[in-house]
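Chains as they are written, first to last, in the working numbering: chain S, 253 to 480; chain G, 253 to 480.
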């Protein structure tokens, strides 16, 4: 990376999307904000399902990272791997084989059991992005996934009784994934049960991180500007 | 790693499972066979859903890698990250930031659109592992995922018209994920359309790799021994 202040990377996303949040938080953790510009893809208008966007990401999901030469990287874990290996500390995806394995395991588990489960609930068992975007809904599937997410909240609570961070002793990509789940849970009004004290205590510590504070500040400012 | 021939790692899996295949192939690519022992978890008897196994992997999926000190690593991508960073070439998860990002993207896309989709089809819209294991089935979801997998086959065919491997110019974890999808497709008798010539040509090259040949040889020998 050179010193110029002009952005060398473009992220296609939507300002308050839970998956986009994972990458925005990673960008902030890696202190790469000055090298990134954001381009809006309006989820609520289904722009992520239009041919022009599907050409960038076959799966039709946000976010997508576009490099200066046009190279495209989709999928939060993949983008985080790229950014993490591009820039200096903190390390989000691990330094040793054991750290890498553990962080990838816990981040994937947080997706599978929690974040993706909440996303399925949103898209299948609630109005989601509205009838023009949600062309296929499977309510029973969505409700099963909501229940799966609730069970996972209890699992992560148990885990966080004996460790400071989701993947062990240090903050990592896996914490960001669970933060993304909290963001999505708030959007779908799926309450994290208050008796899960260790999970809530961990989340309170996460909210103290500048990267995550900056995300909430940005979202609130954008929403206030939109309402104007 | 030291030189002793006694195994230092245990992999809990089932011999011909498509997800276990991904890790077995990775072990062979990394030439770590002598350091790994395998313990059977009988999928057809639902052993992966029993409390003793769920204590090893909350998600109840195979495979799980157990290190000599008892540390557990689940999720194929995570196990592959661990093994890849433990041992020498070939590199399965990339060396540069761009390679890492691209390989993780393509492997995740191959899961999401192809391998996981075929798995959903198997578990939800076919008898799957049988009524005692498949406690919840959602046929409509399973059939949608089958169609998603068929679309993805055409996508990967198109991709492989202009590149030698799934993530670009070199063999990687992403190829192994698509090999896993071929293995699962054969189990569920979901034919890869013959007109997808580039995809079939790529697969024929994959079948020439010693790691993948060894997997098929092991499966055939095990099945022959079982039938005896």
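Ideal Cβ placement from N, Cα and C applies to all residues, glycine included. Nothing here was measured: the structure is a model prediction, and the numbers come from that model.
Opening and closing residue of the beta strand (DSSP E) in which residue 290 (chain G) lies: The residue given as residue 290 (chain G) occupies position 38 in the second chain. Looking at the DSSP string, the run of the beta strand (DSSP E) that includes residue 290 (chain G) is 288 to 292.
Checking contacts by CB at 8 angstroms: is residue 384 (chain G) closer than that to chain B? As a matter of chain content, chain B is missing from the structure shown, whose protein chains are S and G.
Specify the secondary structure class of residue 262 (chain S) as computed by DSSP and reduced to three states. Working through the first chain from its first residue, we reach residue 262 (chain S) at position 10. Correct three-state label for residue 262 (chain S): strand.
Note the first and the last residue of the continuous alpha helix (DSSP H) segment covering residue 280 (chain G). Within the second chain, the letter at position 28 stands for residue 280 (chain G). Start and end: 270 to 281.
Is the separation between the beta-carbon of residue 290 (chain G) and that of residue 263 (chain G) shorter than 8 angstroms? Position 38 of the second chain holds residue 290 (chain G). Position 11 of the second chain holds residue 263 (chain G). Residue 263 (chain G) is positioned such that its CB atom lies closer than 8 angstroms to that of residue 290 (chain G).
Any C-beta of chain S sitting closer than 8 angstroms to the C-beta of residue 300 (chain G)? Here the question's residue 300 (chain G) lines up with position 48 in the second chain. Contacts with chain S at 8 angstroms (Cβ-Cβ) do not include residue 300 (chain G).
Indicate whether residue 392 (chain G) and residue 294 (chain S) have their beta-carbon atoms separated by less than 8 angstroms. Numbered from 1 along the second chain, position 140 holds the residue referred to as residue 392 (chain G). Numbered from 1 along the first chain, position 42 holds the residue referred to as residue 294 (chain S). No, the Cβ-Cβ distance between residue 392 (chain G) and residue 294 (chain S) is not below 8 angstroms.
Skipping 5 residues on each side, what residues in its chain have a beta carbon closer than 6 angstroms to that of residue 395 (chain S)? By 1-based counting over the first chain, the position of residue 395 (chain S) is 143. If we look at residue 395 (chain S) and ignore the five residues flanking it on each side, its Cβ neighbours are 377.
Whose CA, out of S:372, S:303 and S:285, lies closest to the CA of residue 270 (chain S)? In the first chain, counting from the first residue as 1, residue 270 (chain S) sits at position 18. Relative to residue 270 (chain S), the option among S:372, S:303 and S:285 whose CA is nearest is S:372.
Taking a Cβ distance cut-off of 7 angstroms, strictly less, list which residues of the region 301 to 316 of chain G are near chain S, in chain order. Residues of the region 301 to 316 of chain G that bring their beta carbon within less than 7 angstroms of a beta carbon in chain S comprise 310 and 311, in sequence order.
Same chain, Cβ closer than 7 angstroms to residue 432 (chain G), five either side skipped, listed in chain order: For the purposes of this step, residue 432 (chain G) is taken as the residue at position 180 of the second chain. The beta carbon of residue 432 (chain G) sits closer than 7 angstroms to those of 270, 271, 273, 274 and 367, all from its chain and outside the five residues before and after it, given in chain order.
Got a sec: is the Cβ-Cβ distance from residue 262 (chain S) to anything in chain G below 8 angstroms? As a first step, residue 262 (chain S) is located in the first chain; it is residue number 10 there, counting from the start. Not closer than 8 angstroms to any Cβ of chain G, the Cβ of residue 262 (chain S) fails to qualify, so no.
Residues of its chain near residue 254 (chain S), where Cβ-Cβ distance is below 6 angstroms and the 5 sequence neighbours each way are ignored: Walking along the first chain from the start, residue 254 (chain S) turns up at place 2. Because the pLDDT of residue 254 (chain S) is 47, which lies under 50, any placement of that residue in the model is unreliable, and the number read from its coordinates should be weighed accordingly. When the five nearest sequence neighbours on each side are left out, no beta carbon in the same chain lies closer than 6 angstroms to the beta carbon of residue 254 (chain S).
In this structure, does DSSP put residue 418 (chain G) in helix, strand or coil? To locate residue 418 (chain G), count along the second chain from 1; it is residue 166. Residue 418 (chain G): coil per DSSP, three-state reduction.
Could you check where the alpha helix (DSSP H) with residue 330 (chain G) kicks off and where it finishes? Counting from 1 along the second chain, the entry for residue 330 (chain G) is found at position 78. DSSP places residue 330 (chain G) inside the alpha helix (DSSP H), whose first and last residues are 328 to 338.
Roughly how many whole angstroms lie between the Cα atoms of residue 265 (chain G) and residue 321 (chain G)? Counting from one through the second chain, the residue named residue 265 (chain G) turns up at place 13. Counting from one through the second chain, the residue named residue 321 (chain G) turns up at place 69. Straight-line measurement puts the Cα of residue 321 (chain G) at about 19 angstroms from the Cα of residue 265 (chain G).
Which residue's Cα is closest to the Cα of residue 324 (chain G): S:280, S:351 and S:384? Start at 1 with the first residue of the second chain, and residue 324 (chain G) comes out as number 72. Proximity to residue 324 (chain G) across S:280, S:351 and S:384 peaks at S:351, based on C-alpha coordinates.
One or two residues paired with residue 317 (chain S) in a DSSP bridge: Start at 1 with the first residue of the first chain, and residue 317 (chain S) comes out as number 65. S:263 and S:325.
Consult DSSP for residue 461 (chain G) and reduce its assignment to one of helix, strand or coil. Translated into the one-based positions of the second chain, residue 461 (chain G) becomes position 209. DSSP places residue 461 (chain G) in coil when its eight states are reduced to three.
Relative to chain S, which residues along the region 353 to 368 of chain G have a C-beta separation below 9 angstroms, given in chain order? Of all residues in the region 353 to 368 of chain G, 353, 354, 355, 356, 357, 358, 359, 360, 361, 364 and 365 have a Cβ within less than 9 angstroms of some Cβ in chain S.
Buried versus exposed call for residue 472 (chain G) [16 or more other C-beta atoms within 10 Å across all chains shown]: For the purposes of this step, residue 472 (chain G) is identified with residue 220 of the second chain, where counting begins at 1. Exposure of residue 472 (chain G) is indicated by the presence of fewer than 16 other C-beta atoms within 10 angstroms of its C-beta.
So, residue 355 (chain S) versus residue 419 (chain S), is the Cβ gap smaller than 8 angstroms? Here residue 355 (chain S) refers to the residue found at position 103 when the first chain is read from its first residue. Here residue 419 (chain S) refers to the residue found at position 167 when the first chain is read from its first residue. Cβ atoms of residue 355 (chain S) and residue 419 (chain S): closer than 8 angstroms.
Proximal chain G residues relative to residue 419 (chain S), where beta-carbon distance stays under 8 angstroms: On the first chain, residue 419 (chain S) is found 167 positions in, with the first residue counted as 1. Near residue 419 (chain S) there are no residues of chain G at all, since even the closest Cβ is about 10 angstroms away, more than 8 angstroms.
Looking at C-alpha atoms only, which residue of G:459, G:337 and G:279 is the closest neighbour of residue 347 (chain S)? For the purposes of this step, residue 347 (chain S) is identified with residue 95 of the first chain, where counting begins at 1. Closest by alpha carbon: G:337.
Taking Cβ positions, are residue 286 (chain S) and residue 344 (chain S) nearer each other than 8 angstroms? Within the first chain, the letter at position 34 stands for residue 286 (chain S). Within the first chain, the letter at position 92 stands for residue 344 (chain S). No, the pair does not count as a contact, with Cβ atoms beyond the cut-off.
Report the CB separation of residue 442 (chain S) from residue 398 (chain S) in whole angstroms; it is logged as a contact under 8 angstroms. Your numbering for residue 442 (chain S) matches position 190 in the first chain. Your numbering for residue 398 (chain S) matches position 146 in the first chain. Yes, they are in contact, since the Cβ atoms of residue 442 (chain S) and residue 398 (chain S) sit about 7 angstroms apart, within 8 angstroms.
Does residue 378 (chain G) come out as helix, strand or coil in the three-state DSSP assignment? On the second chain, residue 378 (chain G) is found 126 positions in, with the first residue counted as 1. Coil at residue 378 (chain G), not helix or strand.
Chain S residues whose Cβ lies nearer than 9 angstroms to that of residue 378 (chain G): Taking the second chain and counting its residues from 1, one reaches residue 378 (chain G) at position 126. Chain-ordered listing is empty here: chain S has no CB closer than 9 angstroms to the CB of residue 378 (chain G), the nearest sitting near 17 angstroms.
What are the boundary residues of the alpha helix (DSSP H) that includes residue 307 (chain S)? On the first chain, position 55 is the one that residue 307 (chain S) refers to. Looking at the DSSP string, residue 307 (chain S) is not in any alpha helix (DSSP H), and its letter there is neither H nor E.
Tell me, please, whether the CB atom of residue 270 (chain S) is closer than 8 angstroms to any CB atom in chain G? Taking the first residue of the first chain as position 1, residue 270 (chain S) is located at position 18. Answer no: the Cβ-Cβ gap between residue 270 (chain S) and chain G never drops below 8 angstroms.
Expressed to the nearest angstrom, what Euclidean distance is found between the alpha-carbon atoms of residue 298 (chain G) and residue 283 (chain S)? Taking the first residue of the second chain as position 1, residue 298 (chain G) is located at position 46. Taking the first residue of the first chain as position 1, residue 283 (chain S) is located at position 31. Roughly 46 angstroms between the two C-alpha positions.
Around the Cβ of residue 463 (chain G), are there at least 16 other Cβ atoms within 10 angstroms (buried) or fewer (exposed)? To locate residue 463 (chain G), count along the second chain from 1; it is residue 211. So residue 463 (chain G) ends up on the buried side.
Compare the C-beta of residue 254 (chain G) with all C-beta atoms of chain S and state if any pair is closer than 8 angstroms. Within the second chain, the letter at position 2 stands for residue 254 (chain G). Note that residue 254 (chain G) scores 47 on pLDDT, short of 50, meaning its location in the model is unreliable and no value can be drawn from it.
Taking Cβ-Cβ distances below 7 angstroms as the criterion, which residues of the region 389 to 415 of chain S are in contact with chain G? Residues 390, 392, 393, 396 and 407.
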